[in-house]
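If you count the sequence shown from 1, you need to add 1 to reach the working numbering. From the three backbone atoms N, C-alpha and C, an ideal C-beta is built for every residue, glycine too. Since the structure is predicted, the reported quantities are computational estimates derived from the model, not experimental observations.
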Amino acid sequence: MAVYKHDNYLRQRNDAVFDILLEPGTAAPYPGIYRCEFCGHEIISEKVIPLPSADHHTHDQPQDGIYWRLTIRSS
Ligand SMILES: [Zn+2]
Numbered sequence: 002m003a004v005y006k007h008d009n010y011l012r013q014r015n016d017a018v019f020d021i022l023l024e025p026g027t028a029a030p031y032p033g034i035y036r037c038e039f040c041g042h043e044i045i046s047e048k049v050i051p052l053p054s055a056d057h058h059t060h061d062q063p064q065d066g067i068y069w070r071l072t073i074r075s076s
């Protein structure tokens, strides 16, 4: 899980983009931190760069695929 020290560098927003689960290989809609919805593995992506593929990492249950959720959006 992403952590921070100084909260004056982050701002809470309720943008719908944080609710979307993105499939592997989808172009990142924003630069920032993305989290695997199933296991919590986090990656950093730049805007428009494809998110890691379905074989980026594995889960104990193969049917539990990777879906990426934007957790921290950079401006
Ligand atoms: Zn995962």
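Through-space distance from residue j to residue i, alpha-carbon basis
| i | j | result |
| --- | --- | --- |
| Y31 | N15 | 15 Å |
| C37 | R70 | 6 Å |
| G66 | A28 | 18 Å |
| A3 | N9 | 16 Å |
| K48 | Q62 | 30 Å |
| H60 | S54 | 14 Å |
| I50 | Q13 | 24 Å |
| Y68 | F19 | 13 Å |
Residue i Cβ short of 8 Å to ligand 1 heavy atom set
| i | result |
| --- | --- |
| C39 | Sequence check: residue 39 is Phe here, not Cys. It does: the Cβ of F39 is within 8 Å (strictly closer) of some heavy atom of ligand 1. |
| I34 | no |
| I50 | no |
| H7 | no |
| I73 | no |
| I45 | no |
Beta-carbon separation (whole angstroms), residue i vs residue j, contact threshold 8 Å
| i | j | result |
| --- | --- | --- |
| Y35 | L22 | The pair is not a contact, with the Cβ atoms about 10 Å apart (cut-off 8 Å). |
| P25 | H57 | 7 Å |
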